[in-house]
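Engineer: For the sequence shown, the tail end lands on 342 under the numbering used here, and the numbers increase by one without skipping.
Glycine is no exception: its CB is placed at the ideal position from the N, C-alpha and C atoms.
After the structure tokens below, expect a handful of questions from me.
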Amino acid sequence: MSLLTSLRAHAAALGTLEPAVRDDAPDAVHQMRVAARTLRANLRTFADVLPGTRRRAALIGELGWLGDALGPAREAEVLSAQVLALLERTPPEYVLGPVRQRVQAVFELERESALGLIGDALDSPRYRRLLKDLDAYVASVKPDTDADLSRLHRRVRTRMRAALPMPHGADRDIAMHEARKAARKARYAAEALGRPAKPIKVLQDVLGEEHDRVVTSCALSDLAAGAYQAGENAFTYGVLLGLVRCDSRDFDRRIDAAWRKAKPSLRAGRCRG
70 MSLLTSLRAH
80 AAALGTLEPA
90 VRDDAPDAVH
100 QMRVAARTLR
110 ANLRTFADVL
120 PGTRRRAALI
130 GELGWLGDAL
140 GPAREAEVLS
150 AQVLALLERT
160 PPEYVLGPVR
170 QRVQAVFELE
180 RESALGLIGD
190 ALDSPRYRRL
200 LKDLDAYVAS
210 VKPDTDADLS
220 RLHRRVRTRM
230 RAALPMPHGA
240 DRDIAMHEAR
250 KAARKARYAA
260 EALGRPAKPI
270 KVLQDVLGEE
280 HDRVVTSCAL
290 SDLAAGAYQA
300 GENAFTYGVL
310 LGLVRCDSRD
320 FDRRIDAAWR
330 KAKPSLRAGR
340 CRG
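Structure follows, in structure tokens:
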């Protein structure tokens, strides 16, 4: 795959996925969000080889807006699935009160609200203008020179080396999340140029799973507070939080293994786009 092929394929995906997103088809919001994020990341990553600085900068901003509109619905979907999966692992005698009902009601309300925001975004002239401008750009653009990923790869290495030795806690969680974002950009760039991306994707996935656990922990604290305020027993949310922390115990081993395998794919080099 070439850079141009990748840009054009993801640009086309936005319009192709729109009916499914409007119908709330399974995984449609996620796929559109990935397409928008991939385009935004690669327009930034390949700034040195893609012409039209102002046009490209404007598209980066608008793709960020679209990604932000799609994000809350996807996040509510993921959090709901995470918490319900934890409940499935919990012995029935530890589930006290209407826990499942609260979880489903809270996240369904959040998702319904988020889907409304998506509908507003897709109905807006801003979205139509984005599709038009994006199609015009990818139809006419041609890379000026070869793509150099060395700076992008260096950022992943720097962030991983900074995060790995940090003590466990909020600062390390933030550092790992920053490493994950850098790995995601490196993966998108590798895929766009047809380079090996699987080891980078595995690294991103391991980091992403841990980030999901961090976000789930925060969501469980909020659910527990809501249950307590409603006069419900909050014991089960503590059990679920304990499960999340148990799942995190294997993270260091898994991230070390993923990092060792990803290093060879994160070497400096140039590749024609």
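(1) Taking DSSP as the reference, what is the three-state secondary structure of residue 217?
(2) Taking contact to mean 3 or more Cβ pairs, one atom from each stretch, closer than 8 Å, check whether the stretch 280 to 297 and the stretch 157 to 177 are in contact.
(3) Which whole-angstrom value is the C-beta distance of residue 91 and residue 191, which I expect to be below 8 Å?
(4) Given this structure, state the Cα-to-Cα distance separating residue 259 from residue 157, to the nearest angstrom.
(5) Check whether chain C comes within 7 Å of residue 310, counting only Cβ atoms and requiring the distance to be less than that.
(6) So which of 162, 220, 139, 151 has the shortest CA-CA distance to residue 181?
(7) Let me know if residue 85 comes out buried or exposed under the rule of 16 or more other beta-carbons within 10 Å of its beta-carbon.
(8) Which parts of the stretch 234 to 272 are runs of the alpha helix (DSSP H), unbroken and 4 residues or longer, counting only runs that do not cross its ends?
(9) Mark residue 155 as exposed unless 16 or more other C-beta atoms lie within 10 angstroms of its C-beta, in which case mark it buried.
(10) In angstroms, rounded to a whole number, what distance separates the CA positions of residue 206 and residue 219?
(11) Would you call residue 229 buried or exposed, if buried means 16 or more other Cβ atoms sit within 10 Å of its Cβ?
(12) Where does residue 111 sit, in a helix, a strand or coil, going by DSSP?
(13) Quick check: what's the CA-CA separation for residue 142 versus residue 298?
(14) If we call anything under 7 Å between Cβ atoms a contact, is residue 111 one with residue 251?
(15) Which of the three DSSP states is assigned to residue 197 in this structure?
(16) If you check the beta carbons only, do residue 168 and residue 285 fall under 7 Å apart?
(17) Between which residues of its own chain and residue 296 is the CB-CB distance below 8 Å, once the five residues before and five after are set aside?
(18) What residue range does the alpha helix (DSSP H) around residue 330 cover?
(19) Would you report the Cα separation of residue 209 and residue 79, rounded to the nearest angstrom?
(20) Start and end of the alpha helix (DSSP H) containing residue 127?
(21) Within its chain, find whatever has a CB closer than 8 Å to the CB of residue 127; leave out the 5 residues flanking it on each side and keep chain order.
(22) With a CB to CB cut of under 7 Å and the five nearest residues on each side skipped, what residues in its chain are close to residue 99?
(23) Applying the 10 Å Cβ sphere with the 16-neighbour rule, what's the burial state of residue 242?
(24) Please say whether residue 244 and residue 255 have beta carbons closer to each other than 7 Å?
(25) What do you reckon, are the CB atoms on residue 179 and residue 216 nearer than 7 Å?
(26) Tell me the DSSP secondary structure of residue 395 in three-state form.
Structural biologist: Taking the geometry as given:
(1) Start at 1 with the first residue of the sequence shown, and residue 217 comes out as number 148. Here residue 217 sits in strand by DSSP.
(2) yes
(3) For this step, residue 91 is matched to residue 22 along the sequence shown. For this step, residue 191 is matched to residue 122 along the sequence shown. With a Cβ gap of about 7 Å, residue 91 and residue 191 count as contacting.
(4) Taking the first residue of the sequence shown as position 1, residue 259 is located at position 190. Taking the first residue of the sequence shown as position 1, residue 157 is located at position 88. For residue 259 and residue 157, the distance between alpha carbons rounds to 37 Å.
(5) The chain inventory of the structure shown lacks chain C, comprising one protein chain alone.
(6) Here the question's residue 181 lines up with position 112 in the sequence shown. Answer by Cα proximity: 139.
(7) Along the sequence shown, one-based indexing puts residue 85 at 16. Counting Cβ neighbours within 10 Å, residue 85 comes out exposed, since fewer than 16 surround it.
(8) 239 to 261
(9) The residue given as residue 155 occupies position 86 in the sequence shown. Classification of residue 155: buried, given that the 10 Å Cβ count is 16 or more.
(10) The residue you call residue 206 lines up with position 137 of the sequence shown. The residue you call residue 219 lines up with position 150 of the sequence shown. Within the model, the alpha-carbon separation for residue 206 versus residue 219 is close to 26 Å.
(11) Working through the sequence shown from its first residue, we reach residue 229 at position 160. Around the Cβ of residue 229, a 10 Å sphere holds 16 or more other Cβ atoms; the residue is buried.
(12) Indexing the sequence shown from 1 puts residue 111 at position 42. If DSSP states are grouped into helix, strand and coil, residue 111 belongs with the helices.
(13) The residue labelled residue 142 in the question sits at position 73 within the sequence shown. The residue labelled residue 298 in the question sits at position 229 within the sequence shown. Taking the straight line from one Cα to the other gives about 25 Å.
(14) Start at 1 with the first residue of the sequence shown, and residue 111 comes out as number 42. Start at 1 with the first residue of the sequence shown, and residue 251 comes out as number 182. Against a cut-off of 7 Å, the Cβ pair of residue 251 and residue 111 comes out as no contact.
(15) The count along the sequence shown starts at 1 and reaches residue 197 at position 128. The answer is helix: DSSP assigns residue 197 an H, G or I state.
(16) In the sequence shown, residue 168 corresponds to position 99, counting from 1. In the sequence shown, residue 285 corresponds to position 216, counting from 1. Their beta carbons are not under 7 Å apart, which means residue 168 does not touch residue 285 by this criterion.
(17) Stepping through the sequence shown from its first residue, residue 296 is reached at position 227. Excluding sequence neighbours, residue 296 sits near 166, 168, 171, 302, 303, 306.
(18) Indexing the sequence shown from 1 puts residue 330 at position 261. Segment 320 to 331, the alpha helix (DSSP H) holding residue 330.
(19) As a first step, residue 209 is located in the sequence shown; it is residue number 140 there, counting from the start. As a first step, residue 79 is located in the sequence shown; it is residue number 10 there, counting from the start. Spanning the two alpha carbons is a distance of roughly 15 Å.
(20) Here residue 127 corresponds to residue number 58 of the sequence shown, with the count starting at 1. Residues 122 to 157.
(21) Numbered from its first residue, the sequence shown carries residue 127 at position 58. Same-chain partners within the cutoff: 202.
(22) Your numbering for residue 99 matches position 30 in the sequence shown. The residues are 143.
(23) Within the sequence shown, residue 242 is the residue found at index 173, counting from 1. The residue is buried, with at least 16 neighbouring Cβ atoms inside 10 Å.
(24) Sequence index remark: in the sequence shown, residue 255 carries index 186 (1-based). Sequence index remark: in the sequence shown, residue 244 carries index 175 (1-based). Contact flag unset, no.
(25) Here residue 179 refers to the residue found at position 110 when the sequence shown is read from its first residue. Here residue 216 refers to the residue found at position 147 when the sequence shown is read from its first residue. Taking 7 Å as the Cβ cut-off, residue 179 and residue 216 do not qualify as a contacting pair.
(26) Absent from the structure is residue 395, since the part of the chain shown begins at 70 and ends at 342.
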